[in-house]
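Asker:
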Amino acid sequence: MGYCEFQIPFFIEGIRAETGQMVLGTEHHEEAERIEKETTVQVPLTKTRLEDKKTDLNFMREDIQTLFAREFDFKEGQARLVLFGRADKVIRQDKTLIISDDKHATNPRRYDAMPQPYISQLLQVLTYLDSKYYLGDSFGGWAGIPHDKKMYQINIVDSKTKSVYKTYQDIVNQTHTELLFDYLSQFTKKCLAWDVLVHHNSKPKCKACGFFENCSNALK
Ligand code: SF4
């Protein structure tokens, strides 16, 4: 929704679209995951280590599924939003839960003028950070990871060099929490058609969108 509200009907229908950028991103993710699996010595997670906030944890890349669930009470009725995801990287360090996500860019220099990430990128990591995590049956399935603070990291990866060009990171604060709640409540209402979809009116955004060819609202 942070990119375009008119993508919501496609998601509801289960229609996915992959841009060239997304294909490149998937290839990088698979490669990074393979390298980490081959070069890392895995230590089993125990309840004692999980519950001790002072113990640093570094979960295997792409190994942690996330589950976000929230009830909303609108004047139109009650609704429950459930979002499943998979975080690129989950770490606990110095009692801080860190979720790190890689975003690929063929022209990473366009981020030079951006002091903040795109709102869609920010909402994704904030949602992961407000989720439960699937840690296996011995931890009761979906569980929390104890921490004192939360931090997001959004790595802008240069598609050509495969190296991190820039990282946006911040400790999650009340403003982030309110932003997330605000967007997710709007998203829920728009999914239920309790609110209208608003167009961004940007031709470049439509041109870069994976639904461009099939979208009756595309600006051409
Ligand atoms: S083509 Fe344009 S209006 Fe349609 S979903 Fe994509 S960005 Fe939105």
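Numbering (the numbering used here), first residue to last: 203 to 422. Quick reminder that beta carbons are idealized off the backbone N, C-alpha and C, glycines included. Just so you know, these numbers come straight off a predicted model, no measurement behind them.
1) Closest to K334 by C-alpha separation, out of F276, L299 and P310, would be which residue?
2) For W344, list the residues DSSP reports as bridge partners.
3) Rounding to the nearest angstrom, what Cα-Cα distance links E253 and V400 in this structure?
4) With DSSP collapsed to three states, give me the class of E215.
5) In three-state terms, what does DSSP make of N416?
6) Measure how close the beta-carbons of F208 and C417 come, nearest whole angstrom, since I'm counting them as under 8 Å.
7) Which same chain residues, not among the five before or five after L382, have their C-beta less than 7 Å away from its C-beta?
8) Name the DSSP beta bridge partners of L299, please?
9) What is the DSSP secondary structure of Y370, counted as helix, strand or coil?
Answerer: On the basis of the coordinates in this document:
1) L299
2) Y336
3) 44 Å
4) coil
5) helix
6) 6 Å
7) L325, L328, T329 and D332
8) R294 and K352
9) strand
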